[in-house]
Amino acid sequence: QVQLVESGGGLVQSGGSLRLSCAASGNILTILHMAWYRQAPGEQRTLVARITGGGTNYADSVKGRFSISLDNARNMGYLQMNSLKPEDTAVYYCNAGLLAVTAGGTYWGQGTQVTVSS
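Okay, so the sequence shown: first residue is 21 according to our numbering, each after it adds one.
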């Protein structure tokens with residue numbers, strides 16, 4: 021059974037850093053693309069960053085502060101978040117398109133809370 025599990029969220033002061041991790045499990049063959057989304061209370065889920073074989077792209081609000089990476093050998097993805105602001109507070113979700121031995125498709129993790137205090 022394919023699963024994505026996020027970790028690394030927490031409470032941090034404004035200007036601080038966090039590194040989110042997304043672990044894919046379930047006889048993974050390859051991760052084709054991975055993205056991080058976030059959803060603040062009362063708001064829609066929005067794309068934060070995405071990585072594919074062609075490169076990366078970021079929401080304007082996080083450019084220069086966040087960095088997405090993918091380690092296919094370890095079935096892991098990361099979101100390095102620097103210079104955090106209170107408006108970055110949200111639940112962050114990992115999304116990945118992948119191939120596994122007995123499955124394939126796009127999957128979501130359960131989310132990890134990031135809270136930035138001013």
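Cβ coordinates follow ideal geometry from the N, Cα and C atoms, glycine included.
Check, Outcome
"How far does the beta strand (DSSP E) with Gln-59 in it extend, from its first residue to its last?", "48-59"
"In the DSSP assignment, the beta strand (DSSP E) including Leu-104 goes from what residue to what residue?", "That residue, Leu-104, is in no beta strand (DSSP E); it is neither H nor E in DSSP."
"Taking the beta strand (DSSP E) that Arg-70 belongs to, which residues open and close that run?", "66-72"
"List the endpoints of the continuous beta strand (DSSP E) containing Val-25.", "23-27"
"Return the Cβ separation of Leu-118 and Leu-40 in integer angstroms, given the expectation that the two are a contact with Cβ distance under 8 Å.", "About 18 Å separates the two Cβ atoms, so there is no contact after all."
"Out of curiosity, what's the CA-to-CA distance linking Thr-132 and Pro-106?", "16 Å"
"Mark Glu-63 as exposed unless 16 or more other C-beta atoms lie within 10 angstroms of its C-beta, in which case mark it buried.", "exposed"
"Can you give the Cα-Cα distance for Gly-75 and Tyr-112, rounded to whole angstroms?", "21 Å"
"Determine the closest residue to Gly-73 out of Asp-91, Arg-65 and Ala-79, with distance taken between C-alpha atoms.", "Asp-91"
"Taking the C-alpha atoms as reference points, what is the distance between Ile-48 and Leu-31?", "31 Å"
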